[in-house]
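Worksheet: one structure, shown below.
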Amino acid sequence: MITGLDHIVVLLSDIKAGAKAYELLLGRAPSWRSQTDGAETVLFTLDNMSLELMAPAGSSETAERIRTVIRIWGEGLASICFRVGDIGKMYRRLDRLALKPDPVAEVESRDLETGGTLRWKRTRAATDLTRGVRMFFLELAQDRPHSAAIAEAPILGLDHVVVSTEDPERAAALYGARLGLDMALDRSHQDWGQLMFFRCGDLTVEVVRRPVAGADQTHDKLWGLSWRVADVDAVRARLMASGVDVSEVRTGRRPGTRVVSVRTGTCGIHTLLIERTARGA
1 MITGLDHIVV LLSDIKAGAK AYELLLGRAP SWRSQTDGAE TVLFTLDNMS
51 LELMAPAGSS ETAERIRTVI RIWGEGLASI CFRVGDIGKM YRRLDRLALK
101 PDPVAEVESR DLETGGTLRW KRTRAATDLT RGVRMFFLEL AQDRPHSAAI
151 AEAPILGLDH VVVSTEDPER AAALYGARLG LDMALDRSHQ DWGQLMFFRC
201 GDLTVEVVRR PVAGADQTHD KLWGLSWRVA DVDAVRARLM ASGVDVSEVR
251 TGRRPGTRVV SVRTGTCGIH TLLIERTARG A
């Protein structure tokens, strides 16, 4: 029932600084800006998903809840939001799987610059039953406007979102058997642990177990984002010219890929740029 990854939510204290950082990283302009009671949001919509930056606004209950989350957990990745074709069927599946979904809600957003509106229906699974990762499910009434390229070598879309786990068997049961995502890879290595790929539309939810002493066995964590680029050398050169700290280009773990780590300008999110070579395409 999940047709793809709709968007990722990033919580920030300063929405202007976050939007500026991601304009630079993505080489694209925001496609949507909105403000509701308690939250200000900026959207970047790429070829295969959207990135939603969210910050508290004002002193409402919603704003204080966002500030509390940031104070306890810090800024960064907050939610993963899947796109579905039929929200009613998705709700019934989540309920049947004992994931305690919220009642389906109808939501509307208005763009501050154009006055345009977007509408969607959504539900959320109980976070304590999704191993600590906040998961929403959305049925959109219409597609979002895309973010225009404003620089050379812009980022094309998301390649994969990384989820860190200490219980790969239970994580696999959640993303595979319960949510219905197709497992494309399950590989282990003594140096970097266990790696599982779950296909979600044309991108991947990557679940990783890294051997860490004393790690939380019951709660997974949204850990990082890997962005798809056409020419990793060109994107690296653009970011370096703007003062962003990036690594050297290296061969990726996935066959047929070249990658670069982005060390600054990501609002604290572990970030990778990935180019698929002819072999990887």
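For the sequence shown, full-length UniProt numbering assigns the number 1 to the initial residue and increments by one for each residue that follows.
In this text, a Cβ means the ideal position worked out from N, Cα and C, and glycines have one as well.
Can you list, in chain order, the residues of its chain whose CB lies under 8 angstroms from that of methionine 240, leaving out five sequence neighbours each side?
-> Position 240 of the sequence shown, counting from 1, holds the residue named residue 240. Cβ within range, chain order: Val246.
Under the rule that 16 or more other beta-carbon atoms within 10 Å means buried, what is leucine 107, buried or exposed?
-> Here residue 107 refers to the residue found at position 107 of the sequence shown. Checking the displayed sequence, the identity of residue 107 turns out to be valine instead of leucine. With fewer than 16 other Cβ atoms from the protein chains shown falling within 10 Å of its own Cβ, valine 107 counts as exposed.
Give me the Cα-Cα distance between arginine 279 and glycine 256, rounded to the nearest whole angstrom.
-> Residue numbering aside, residue 279 sits at position 279 when the sequence shown is read from its first letter. Residue numbering aside, residue 256 sits at position 256 when the sequence shown is read from its first letter. With a pLDDT of 48 at arginine 279, under the threshold of 50, the modelled position of that residue is not reliable, and no figure is offered here.
From which residue to which residue does the beta strand (DSSP E) around valine 107 run?
-> Indexing the sequence shown from 1 puts residue 107 at position 107. Where valine 107 is concerned, the enclosing beta strand (DSSP E) stretches over 105 to 110.
Can you tell me whether leucine 185 is buried or exposed, with buried defined as 16 or more other CB within 10 angstroms of its CB?
-> Within the sequence shown, numbered from 1, the residue matching residue 185 stands at position 185. Exposed: under 16 other Cβ atoms inside 10 Å.
Closest residue to serine 79 among Thr264, Asp220, Ile274, Gly252 (Cα-Cα distance) | Numbered from 1 along the sequence shown, position 79 holds the residue referred to as residue 79. Ranked by how close their Cα comes to the Cα of serine 79, the residues Thr264, Asp220, Ile274, Gly252 have Asp220 in first place.
Could you confirm whether any beta carbon from chain D is found closer than 8 angstroms to the beta carbon of serine 109?
-> In summary, chain D is missing from the structure at hand, where a single protein chain is found.
State buried or exposed for arginine 238, treating a residue as buried only when at least 16 other CB atoms are found within 10 Å of its CB.
-> Translated into the one-based positions of the sequence shown, residue 238 becomes position 238. If you draw a 10 Å sphere on the C-beta of arginine 238, you find 16 or more other C-beta atoms in it, and that means buried.
For glutamate 75 and glycine 268, believed in contact at Cβ under 8 angstroms, the rounded distance | For this step, residue 268 is matched to residue 268 along the sequence shown. For this step, residue 75 is matched to residue 75 along the sequence shown. Right, their Cβ atoms sit about 6 angstroms apart.
Is the number of C-beta pairs between the region 224 to 232 and the region 144 to 158 that are closer than 8 angstroms three or more?
-> At 8 angstroms Cβ cutoff, the stretches touch.
How long is the line joining the alpha carbons of aspartate 14 and tyrosine 91, rounded to whole angstroms?
-> One-based indexing of the sequence shown puts residue 14 at position 14. One-based indexing of the sequence shown puts residue 91 at position 91. Each residue's alpha carbon lies about 34 angstroms from the other.
Isoleucine 8 and leucine 51: beta carbons closer than 8 angstroms?
-> The residue labelled residue 8 in the question sits at position 8 within the sequence shown. The residue labelled residue 51 in the question sits at position 51 within the sequence shown. Taking 8 angstroms as the cut-off, the beta carbon of isoleucine 8 is found closer than this to the beta carbon of leucine 51.
For my contact list, glutamate 152 and alanine 57 are in at a C-beta cut-off of 8 angstroms; report their separation, rounded to the angstrom.
-> Taking the first residue of the sequence shown as position 1, residue 152 is located at position 152. Taking the first residue of the sequence shown as position 1, residue 57 is located at position 57. Alanine 57 and glutamate 152 do not touch by the CB rule: their CB atoms are close to 34 angstroms apart, not below 8 angstroms.
Could I get the ranges of all uninterrupted alpha helix (DSSP H) runs contained in the UniProt domain "VOC" (4 to 134), with 4 residues as the minimum, in chain order?
-> Counting only runs of 4+ residues, the alpha helix (DSSP H) found wholly inside the UniProt domain "VOC" (4 to 134) occupies 15 to 26, 61 to 73, 87 to 96, in chain order.
Going by alpha carbons, who is nearest to valine 249 out of Arg187, Phe137, Ser242, Arg276?
-> By 1-based counting over the sequence shown, the position of residue 249 is 249. Closest by alpha carbon: Arg276.
Return the first residue and the last residue of the alpha helix (DSSP H) that glutamate 169 is part of.
-> Here the question's residue 169 lines up with position 169 in the sequence shown. Where glutamate 169 is concerned, the enclosing alpha helix (DSSP H) stretches over 168 to 172.
From the DSSP output, in three-state form, read off arginine 279 for me.
-> As a first step, residue 279 must be located in the sequence shown, where it is residue number 279. Per-residue confidence for arginine 279 stands at a pLDDT of 48, beneath the threshold of 50, marking its modelled position as unreliable; the derived number appears in the next sentence. Here DSSP, grouped into helix, strand and coil, assigns arginine 279 to coil.
Report yes or no: do three or more beta-carbon pairs, one from the region 107 to 119 and one from the region 22 to 29, lie closer than 8 angstroms?
-> Contact fails: fewer than three Cβ-Cβ distances are below 8 angstroms.
Would you list the one or two residues that DSSP bridges to histidine 270?
-> On the sequence shown, residue 270 is found 270 positions in, with the first residue counted as 1. Looking at the DSSP assignment, histidine 270 forms a beta bridge with Gly224.
What residues in its chain sit with their C-beta under 8 angstroms from that of residue 282, if we drop five residues either side in the sequence?
-> This structure leaves residue 282 out entirely; the chain is present only between 1 and 281.
In the DSSP assignment, find the unbroken beta strand (DSSP E) run with arginine 254 in it and report its ends.
-> Walking along the sequence shown from the start, residue 254 turns up at place 254. First-last for arginine 254: undefined, no H or E at that position.
Flag this pair as yes or no: are the beta carbons of arginine 144 and threonine 45 separated by less than 8 angstroms?
-> Mapped onto the sequence shown, residue 144 falls at position 144. Mapped onto the sequence shown, residue 45 falls at position 45. Between arginine 144 and threonine 45, the C-beta gap is smaller than 8 angstroms, which places the two residues in contact.
Between which two residues does the beta strand (DSSP E) containing valine 232 stretch?
-> The residue labelled residue 232 in the question sits at position 232 within the sequence shown. Secondary structure note for valine 232: it is in no beta strand (DSSP E), and the uninterrupted alpha helix (DSSP H) holding it is 232 to 241.
Tell me which same chain residues have a C-beta within less than 8 angstroms of the C-beta of serine 193, skipping the five on either side of it?
-> Here residue 193 refers to the residue found at position 193 when the sequence shown is read from its first residue. Reading off the sequence, residue 193 comes out as glycine, not serine. Taking C-beta separations shorter than 8 angstroms and ignoring five residues to either side along the sequence, the partners of glycine 193 in its chain run Val208, Arg209, Arg210, Pro211, following chain order.
Cα-Cα separation between arginine 96 and glutamate 64, rounded to whole angstroms | As a first step, residue 96 must be located in the sequence shown, where it is residue number 96. As a first step, residue 64 must be located in the sequence shown, where it is residue number 64. Separation of arginine 96 and glutamate 64 (C-alpha to C-alpha, rounded to the nearest whole angstrom) is 33 angstroms.
Nearest-angstrom beta carbon gap, valine 84 and methionine 1 [assumed within contact, 8 angstroms] = Locating residue 1 in the sequence shown gives position 1, counting from the first residue. Locating residue 84 in the sequence shown gives position 84, counting from the first residue. In this structure methionine 1 touches valine 84 by the C-beta definition: roughly 5 angstroms separates them, less than 8 angstroms.
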